[in-house]
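The numbering of the sequence shown is our numbering, which starts it at 1398 and goes up by one.
Ideal Cβ placement from N, Cα and C applies to all residues, glycine included.
The structure displayed is predicted, hence computed values, not measured ones.
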Amino acid sequence: MTRRLLLSYLSLAALVLLCLEIPLGFVYSRGERERVVNAAKDEAESVSAYAALSLAAGRAAQDLPARVAHCAERIGGKVVIVDASGTPLATSHPLDPEMSGSLAARPGIAAALRGASTVDVRTSRIGGVEYLSVAAPVGQEARPVGAVWLTVPTRTVHERVHHVWLLLALGGLAVLTAVAVVGFAFARWAGRPIRELEDATHELAEGGGRFTPVTITKGPPEVRSLAAAFNHTAARLAHLLASQRAFAGEASHQLKTPLAALRLRLENLEPEIAARARGSLTAAVTETDRLARMVEHLLAMARLEEHAAIPAGVDLGAVCAERHRTWQPLFAREGVSLVLFAGSAVPVLAVPGAVEQILDNLLSNALRASPAGSTVTIEPRLQAPPRRALRDGRPGWVDLHVTDEGPGMTEEQRMRAFDRFWRAPGAPKGGTGLGLALVQRLAHASGGEAALREAATGGLDVVIRLPSARPPGEPGPGPGGDRPRRPRREAPALPA
């Protein structure tokens, strides 16, 4: 913001200076040219009048050389007086015979001998005078008896004009420097509160509700008012988030103990319950377990929101193998096959512990939805990026598929499946409606995405897309494999 404000100030100042200094420079150059030309014409007319009087009195030989020498010394130029035939009568400098014979042929002298005064001016590109000669008739214009040819050196005028242009340029540069200094100070003064607001906004977004109040004593009144409104809004938001986290965490934590006690009491009642009431007792124990799992999920979500972890490299193949060994006995007891397709194991970026929780929730859901004799598969697949992504060094993505052969979901149900506490109609008992919501939250926290698809076998195919820990083209561990990682991109959307 400071650079943009400073650039706008300098651009405006430069535009004003150009609109003022360029016309001023040309006006001065034109005025200097007119002054030099008028002075030369006046001097030529003065010498012409003196020469006419001297010729009339017959004293040209005695008076004109001294007058011409005095005039040439005063103007620092050259003066030549010729008679009606073009023969030199007096000169301020020696002339060679060839030049003396060609004086009458010069355009200025020829015009003056015909009774017309002439001025020959040549100007430079910036308006300075480079060459100036003046010719004036001697005597009456109808019948001139001679001519005066006066040449004025213009180097001094030319240097004076250039000096003025240089002064204008230096003055403009000084003004721009002053504007830059003052503008930079003003831009810093006006932009500092905006930068503090930006930093506080990032801190609020990345810190999960924690922020440092912005000072409201600096900057323009509008910015101070904005800072005060931001502090008020951020404080209310931080209070609401803290209250929500505290309520979810404390409530979930406080419910664990009474739920455990309730389940223990129900189990202790089993020997004293009649056979016909055993079903109700079993249902009560099942609902108690379901409530305990719901409390665990709520507590996990509260911890995830409170402690925003940074994704790190995770060996997806190793995690899948470990969870496969853990869940294999449970699936075998229910008559469901659990198959792991190792495929191409690629390290992924994920929040610590996220992949384990994702697999536990997905496998738990798949086990409840799968009939006996069916198969549940776990398969990580590396998504091959296009050639352009390889050239750009964009990171690849790894899809983790958990597929079952259960009843599946309709498209509308798949769109709502990630909502908290939502359960599909006819879903098996024991679910909490929080598993998929937690899965999606963990995937987003890891920089990925979660999606539900219809499996080829008619069941459900849950796809978790996670960023690869190694960009395409980067070698693995070993010589040359410790290159710095490039920033990750957002996960591309998965089709429903």
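Hey, how far is the Cα of residue i from the Cα of residue j?
i	j	result
residue 1770	residue 1864	34 Å
residue 1548	residue 1498	18 Å
residue 1592	residue 1406	20 Å
residue 1586	residue 1633	28 Å
residue 1810	residue 1851	11 Å
residue 1410	residue 1564	17 Å
residue 1507	residue 1491	21 Å
residue 1686	residue 1667	16 Å
residue 1452	residue 1446	10 Å
residue 1611	residue 1862	39 Å
residue 1636	residue 1609	13 Å
residue 1859	residue 1759	8 Å
residue 1660	residue 1669	15 Å
residue 1495	residue 1465	21 Å
residue 1854	residue 1673	40 Å
residue 1726	residue 1628	55 Å
residue 1856	residue 1805	4 Å
residue 1665	residue 1748	41 Å
residue 1793	residue 1843	14 Å
residue 1556	residue 1594	55 Å
residue 1617	residue 1798	55 Å
residue 1600	residue 1402	25 Å
residue 1849	residue 1680	30 Å
residue 1643	residue 1688	20 Å
residue 1569	residue 1561	12 Å
Classify residue i as helix, strand or coil using the three-state DSSP reduction.
i	result
residue 1748	coil
residue 1872	For residue 1872, the predicted structure reports a pLDDT of 47, less than 50, and the residue's modelled location is therefore unreliable. A value from the coordinates is still provided. If DSSP states are grouped into helix, strand and coil, residue 1872 belongs with coil.
residue 1539	coil
residue 1561	helix
residue 1850	strand
residue 1612	coil
residue 1677	helix
residue 1713	helix
residue 1858	strand
residue 1638	helix
residue 1798	strand
residue 1743	coil
residue 1487	strand
residue 1526	Legend: pLDDT at residue 1526 = 49, less than 50; position of this residue unreliable, value from coordinates given subsequently. Here residue 1526 sits in strand by DSSP.
residue 1776	strand
residue 1544	strand
residue 1481	coil
What first and last residue would you give for the beta strand (DSSP E) that runs through residue i?
i	result
residue 1707	Premise fails: residue 1707 is in no beta strand (DSSP E) and is neither H nor E.
residue 1733	That residue, residue 1733, is in no beta strand (DSSP E); it is neither H nor E in DSSP.
If you follow the alpha helix (DSSP H) that residue i is in, where does it begin and where does it stop?
i	result
residue 1414	1399 to 1454
residue 1670	No alpha helix (DSSP H) holds residue 1670; DSSP gives it neither H nor E.
residue 1467	1457 to 1472
residue 1833	1832 to 1842
residue 1820	Per DSSP, residue 1820 belongs to no alpha helix (DSSP H) and is neither H nor E.
residue 1508	1504 to 1510
residue 1768	Careful: residue 1768 lies outside any alpha helix (DSSP H) and carries neither H nor E.
residue 1494	1494 to 1498
residue 1812	1808 to 1813
If you compare alpha carbons, which of the options is closest to residue i?
i	options	result
residue 1775	1575, 1840 and 1718	1718
residue 1529	1434, 1848, 1404 and 1621	1434
residue 1475	1545, 1516, 1422 and 1481	1545
residue 1684	1657, 1669, 1553 and 1430	1657
residue 1477	1681, 1489, 1808 and 1670	1489
residue 1543	1511, 1569, 1573 and 1572	1511
residue 1752	1536, 1438, 1468 and 1720	1720
residue 1514	1438, 1551, 1627 and 1643	1438
residue 1733	1617, 1464, 1762 and 1715	1762
residue 1449	1473, 1470 and 1481	1481
residue 1462	1856, 1654, 1487 and 1819	1487
residue 1730	1578, 1764, 1738 and 1716	1764
residue 1831	1516, 1853 and 1819	1819
residue 1408	1712, 1572 and 1777	1572
residue 1454	1536, 1483 and 1467	1536
- Do three or more CB pairs link the region 1413 to 1421 to the region 1438 to 1452 at distances below 8 Å? no
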